[in-house]
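Structure first, commentary second.
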Amino acid sequence: MNNKPFALALAAVFVSGSVMSVSAADLTSSYEPPAYNEPSGPSSDWSGAYVGLNAGTASDKLNPFSSSSDFTGGIHGGYNTEINGVVVGGEAELSHLGDAEVGVRGGTLKERYRVAAKGKVGAPLGNTLVYGTAGVAMTSLRDNGATEGPDGWKPGWLVGAGVEQKITGNLSGRVEYNYTQTNDVRSFRAGTTSEKDIGDHTIKAGVNYRF
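Counted the way this note's numbering counts, the sequence shown spans residues 1 to 211.
The following block contains the structure:
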């Protein structure tokens, strides 16, 4: 009996099986399932320049809904830097106070505009920033009825606190409270001159765009 055809057939089966095995191994080793990348949220880094808009109420009483309160709105811009887990920065603000009334002896005056320069120190809590602020302010005052006030701008100081929350990588929202005091405001009524330190409370909500 001639075994040559049988041997050739057996060799062919062996080679075929080896090739298929190697091909299957290559397919198994070369395929890798796509990696899952979790969508990234807003960055927790608060460093950089920003600009924003704000609106709220101003009043010489702490109650923002008192009869003496009025609508206020403004623009602001500043720069923050984060150092060892603390955010420090500065901000400038221009506001229209909506003729909010402030009490003086014998009457009231109206506050019209304010320019403020503020420093800021805050604690970043991920995408939330809790901060305090303080600085200087210049306020323009107007007469109110029979009560006359000073001409031009009067200097003062302010303190406050706020909370800012990141919405996207560049956009954030905030709420801020400020107390501003203007010293030695002279007023005139019925031939009488008086001088007094006046103060107001502002509560503002705003949005910031960070560069």
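Idealized CB from N, CA, C, for every residue including glycine.
The structure presented is a predicted model; accordingly, all values stated were derived computationally and were not measured.
Rounding to the nearest angstrom, what Cα-Cα distance links residue i and residue j in this structure?
{"i": "G135", "j": "A92", "result": "10 Å"}
{"i": "V130", "j": "V88", "result": "11 Å"}
{"i": "F65", "j": "A49", "result": "33 Å"}
{"i": "G126", "j": "T192", "result": "56 Å"}
{"i": "R174", "j": "V115", "result": "19 Å"}
Could you tell me which residues DSSP pairs with residue i in its beta bridges?
{"i": "A146", "result": "DSSP output for A146 lists no bridge partner at all."}
{"i": "K118", "result": "E91, G135"}
{"i": "S47", "result": "For S47, which the question treats as bridged, DSSP gives no partner whatsoever."}
{"i": "I203", "result": "T57, Y177"}
{"i": "I75", "result": "L53, L94"}
{"i": "D151", "result": "In the DSSP output, where bridge partners are listed per residue, D151 has none listed."}
{"i": "R210", "result": "Y50"}
Tell me the DSSP secondary structure of residue i in three-state form.
{"i": "D197", "result": "strand"}
{"i": "P124", "result": "strand"}
{"i": "S187", "result": "strand"}
{"i": "L62", "result": "coil"}
{"i": "I83", "result": "strand"}
If the criterion is Cβ atoms closer than 7 Å, does the pair residue i and residue j meet it?
{"i": "S95", "j": "G74", "result": "yes"}
{"i": "K196", "j": "V104", "result": "yes"}
{"i": "E111", "j": "L158", "result": "no"}
{"i": "Y179", "j": "I203", "result": "no"}
Below 6 Å CB to CB, which residues in the same chain sit around residue i once its five sequence neighbours on both sides are set aside?
{"i": "G52", "result": "H76, G206, V207, N208"}
{"i": "F188", "result": "E148"}
{"i": "I198", "result": "V102, T182, V185"}
Is there at least one non-hydrogen atom of the ligand SAM closer than 6 Å to the beta-carbon of residue i?
{"i": "Y179", "result": "The ligand SAM is not part of this structure, which contains no ligands at all."}
Once the 5 residues before and after residue i are set aside, which same chain residues still bring their CB inside 8 Å of it?
{"i": "K61", "result": "S68, S69, H201"}
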